[in-house]
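One structure is given here, and the rest of the page talks about it.
Residue numbers (UniProt numbering): 1 to 389.
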């Protein structure tokens, strides 16, 4: 601002002009500013770079000097808002479902500000297509930035725009939209079996647990869809509930079975496959019990009235029918088969009226033996033979 101090009547040639100072008072702009009058030009000037937007009244008051009286004048100065530009960025880009994405808007005056001038304040409104209501964040005047964090963006491409609201000194501006691409989140599938090993006829439950490879934010939906359990090449598909799927089977044959669980993926998560699990199905354990018997004289020979072996399931104690039990005696280190019988419903196999050769009449025990088969383990038991003469 420049104030010119002029005598109200012309001065004669060679007369000194006004000296002294001019005080500038600017409404809404802090303390007054004082500058000396240049007697050659009769002017005093000050420079102000921090005027706020709006209309300001500027009053210039000449102090007077030894030869000139003081005087005052006023004018107005209109200051327009400074123009701004806004840009928006997303980090990381691209991202995956459940990953936090920081959206940052930077508000910049289109013309450089003088040192010490306050930067833009106010707010930025972020709009993300297809992802709920707009979000608003304050502008930091030190950096000119406003930011929000998003961790619930759905899978797909989202247009992100940022609109600066403007403030008392700066105009509003809107950023050109950027695209944030959100991919499916990776998963990991683990497989367990219970029990393992199992026995023939026992039900086995396979459980697949599907977990995102990185933790999800609070409230984010977890994996959905289905899991396929493939047992020896045969697929069986069940629903994923929570983060688990279970499949129970009771007809596995004796031997080793390969099992794999495959999560099929959904809108937000990729599929994944477990490592191969080996399910071991063992034979049913059996227990044999032999009932004490006797050798008796009949006429001129010897006989055993009854030989009995009882074959049961070791775990359930239930009799096992339809199995062949062999009865033997051992004398002088030599084992002789007396005969065999088939177990009944209760698991008992019985030989009756068994002839005993003279060389075996000294036997004082016998053995009942089940040799085992594809489903049952072998078992044997020995019981005493009493010689009654």
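The beta carbon of each residue, even a glycine, is placed where N, CA and C say it ideally should be.
Since residue 346 sits in a beta bridge, which residues does DSSP pair it with?
Bridge partners of residue 346: none, in fact.
Tell me whether the region 216-230 and the region 92-111 touch, counting them as touching only if at least three CB pairs, one residue from each stretch, are closer than 8 Å.
Segments in contact, yes.
For residue 390 versus residue 323, is the C-beta distance shorter than 8 Å?
Nothing can be reported for residue 390, as the shown portion of the chain is limited to 1 through 389.
Going by C-alpha distance, which of 256, 221, 298 and 209 is nearest residue 231?
Taking only the C-alpha atoms, the option nearest residue 231 is 256.
Helix, strand or coil, according to DSSP, for residue 359 in the structure here?
Helix at residue 359.
Mind reading off the beta-carbon distance from residue 284 to residue 200? Whole number of angstroms is fine, and I expect it under 8 Å.
Going by Cβ atoms, the distance from residue 284 to residue 200 rounds to 5 Å, so yes, they are a contact pair.
If you draw a straight line from the C-alpha of residue 311 to the C-alpha of residue 274, how long is it?
Straight-line Cα distance between these residues: approximately 41 Å.
What first and last residue would you give for the beta strand (DSSP E) that runs through residue 311?
Segment 301-313, the beta strand (DSSP E) holding residue 311.
Look at residue 287 and residue 316 and say whether their C-beta atoms are less than 8 Å apart.
Going by C-beta atoms, residue 287 is not nearer than 8 Å to residue 316.
Can you tell me whether residue 11 is buried or exposed? The criterion is at least 16 other CB atoms within 10 Å of its CB, across all chains shown.
With fewer than 16 Cβ atoms within 10 Å of its Cβ, residue 11 is classed as exposed.
Between residue 108 and the rest of its own chain, which residues show a CB-CB distance below 7 Å, the 5 nearest in sequence each way excluded?
Answer for residue 108: 84, 85 and 144, listed in chain order.
Could you give the first and the last residue of the continuous beta strand (DSSP E) run that contains residue 157?
Per DSSP, residue 157 belongs to the beta strand (DSSP E) from 156-164.
Report buried or exposed for residue 105, applying the criterion of at least 16 other Cβ atoms within 10 angstroms of its Cβ.
Residue 105 should be labelled buried.
Provide the residue span of the beta strand (DSSP E) that contains residue 297, from first to last.
Segment 293-298, the beta strand (DSSP E) holding residue 297.
Nearest-angstrom Cα distance between residue 61 and residue 37?
Going by the C-alpha atoms only, they are around 11 Å apart.
Which residues in the same chain have their Cβ closer than 8 Å to the Cβ of residue 282, if we skip the five residues on either side of it in sequence?
So the qualifying residues of the chain are 197, 198, 199, 200 and 254.
Given that a residue counts as buried once 16 or more other Cβ atoms are within 10 Å of its Cβ, and exposed if not, what is residue 194?
By the 10 Å Cβ count, residue 194 comes out exposed.
Is residue 136 closer than 8 Å to residue 123 when the C-beta atoms are compared?
Yes, the Cβ-Cβ distance between residue 123 and residue 136 is below 8 Å.
Residue 92 and residue 182 look like a contact to me (Cβ under 8 Å); what is the Cβ gap, rounded to whole Å?
The pair is not a contact, with the Cβ atoms about 10 Å apart (cut-off 8 Å).
Under a three-way DSSP split, which group does residue 7 fall into?
Looking at residue 7 - three-state DSSP - the assignment turns out to be coil, as it is neither helix nor strand.
On a CA-only basis, which of 33, 148 and 116 is nearest residue 58? Give me that one, please.
Closest option to residue 58, Cα to Cα, is 33.
Kindly indicate which residue of 153, 339, 351 and 303 has the alpha-carbon position closest to the one of residue 358.
With distances taken between Cα atoms, residue 358 lies closest to 303.
Of all the options 54, 79, 155 and 2, which has the alpha carbon lying nearest to the alpha carbon of residue 47?
The shortest C-alpha separation from residue 47 is found at 2.
Whole angstroms are fine: how far does the CA of residue 336 sit from the CA of residue 377?
Approximately 23 Å between the Cα atoms of the pair.
Within 10 angstroms of the Cβ of residue 241, are there 16 or more other Cβ atoms? Answer buried if so, exposed if not.
Per the 10 Å Cβ criterion, exposed.
In the DSSP assignment, find the unbroken beta strand (DSSP E) run with residue 135 in it and report its ends.
Run containing residue 135: 135-138, per the beta strand (DSSP E) assignment.
Which full runs of the beta strand (DSSP E) of 3+ residues lie inside the region 159-216, going along the chain?
For the region 159-216, whole beta strand (DSSP E) runs of length 3 or above, ordered along the chain, are 178-183, 187-194 and 204-212.
So is residue 172 in contact with chain C if we call contact Cβ pairs under 8 Å?
In the structure shown, chain C does not exist; there is a single protein chain.
Tell me the residue span of the beta strand (DSSP E) that contains residue 105.
Here the beta strand (DSSP E) through residue 105 covers 101-109.
Confirm, please, whether the CB-CB distance from residue 117 to residue 50 is below 8 Å.
In this structure, residue 117 lies closer than 8 Å to residue 50 by Cβ.
Just verifying my parser: in three-state terms, what is the DSSP assignment at residue 47?
Note: residue 47 maps to coil in three-state DSSP.
Given a threshold of 16 other Cβ atoms within 10 Å of its Cβ, counted over all protein chains shown, does residue 301 qualify as buried or as exposed?
By the neighbour-count rule (16 or more Cβ atoms within 10 Å), residue 301 is not buried but exposed.
I need the DSSP call for residue 88, collapsed to helix, strand or coil.
In the structure shown, residue 88 sits in a strand (DSSP, three-state: E or B).
Closest by CA to residue 352, which one among 339, 221, 113 and 360?
The candidate whose alpha carbon is nearest that of residue 352 is 339.
Helix, strand or coil for residue 218? Go by DSSP, reduced to three states.
Note: residue 218 maps to coil in three-state DSSP.
Can you list, in chain order, the residues of its chain whose CB lies under 7 Å from that of residue 277, leaving out five sequence neighbours each side?
So the qualifying residues of the chain are 191, 193 and 259.
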